[in-house]
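Our numbering puts the first residue of the sequence shown at 195, with every later residue one more than the last.
Taking it in order: structure first as structure tokens, then the write-up.
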Amino acid sequence: MIRLGSNSSTRALILKNFGIDFIQNGGDFDEDSITTTNPKSFCYEATKGKFNELYKKYGIKDIPLLVADSVVTCEGKLLRKAKDLADAKAMLELQSGNKTSVITCMIYKSKEKELIDISITTYEFESFDKKHMQEYLDSGECFGKAGAIKIPLSL
């Protein structure tokens, strides 16, 4: 059993698909308090901030704590969650026909060990079909996801 320190339904689905017992408790860490625009540094600081908040609240005495955060970067720009439709469209247009990286930082702490990991996965996208992009935007799936992109799970 672990505590998933995240509000993400995708992260919960990953743990469920791997048969990991968990309880899910998200936090209130304010990512807007982070001043760096370096994508890798931002991702680490956001994860560390969320971890520290939840560690103070729950500790690890009873069960280990797992916290993760992801950001997207394209052409050196930090792409967080879209604020509105225009923001999502601009993010997708930037990534269309470009290399885009998803940076994920994860912190796991139990009584026995602490693990911090940062991984980067880079995708090279073809140019997005304008009609499909508009359908995706209209569906609302672009919201709540870093870079306004949804990477399918292949578990």
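Glycine included, each C-beta is placed from N, C-alpha and C at the ideal position.
All of these numbers come straight from a predicted model, not from anything done at the bench.
Classify GLY291: buried if its beta carbon has 16 or more other beta carbons within 10 angstroms, exposed otherwise.
It counts as exposed.
Could you tell me whether the Cβ atoms of PRO258 and LYS303 are closer together than 9 angstroms?
yes
Here's a check: name, in chain order, each residue in its chain whose Cβ is nearer than 6 angstroms to the Cβ of GLY341, leaving out the five neighbours to either side.
VAL266, LEU273 and MET285
Once DSSP output is grouped into helix, strand and coil, what is the label at SER227?
helix
How big is the Cα-Cα spacing for LYS305 and GLY220?
Going by the C-alpha atoms only, they are around 21 angstroms apart.
Keeping to the same chain, check which residues put their C-beta closer than 6 angstroms to that of GLU186; ignore five residues upstream and five downstream.
Absent from the model: residue 186. The displayed extent of the chain is 195 to 349, so no value can be given.
Just to confirm before moving on: does the CB-CB distance between THR294 and PHE319 stay below 9 angstroms?
yes
Just how far apart, CA to CA, sit PHE177 and TYR249?
The structure shown does not extend to residue 177, since the chain is modelled only from 195 to 349, so the question has no answer here.
Starting from SER235 and walking both ways along the alpha helix (DSSP H), at which residues does that stretch end?
Note, SER235: alpha helix (DSSP H), 233-252.
Looking only at DSSP bridge pairs, what is ILE137 linked to?
The requested residue 137 is not part of the displayed model; the chain covers only 195 to 349.
With a CB to CB cut of under 6 angstroms and the five nearest residues on each side skipped, what residues in its chain are close to CYS268?
LEU288, GLN289, ASN292 and THR294
With H, G and I counted as helix, E and B as strand and the rest as coil, what does DSSP make of SER304?
coil
Classify ILE196 as helix, strand or coil using the three-state DSSP reduction.
strand
Beta-carbon separation of PHE223 and LYS244 under 9 angstroms?
A contact, by the Cβ cut-off of 9 angstroms.
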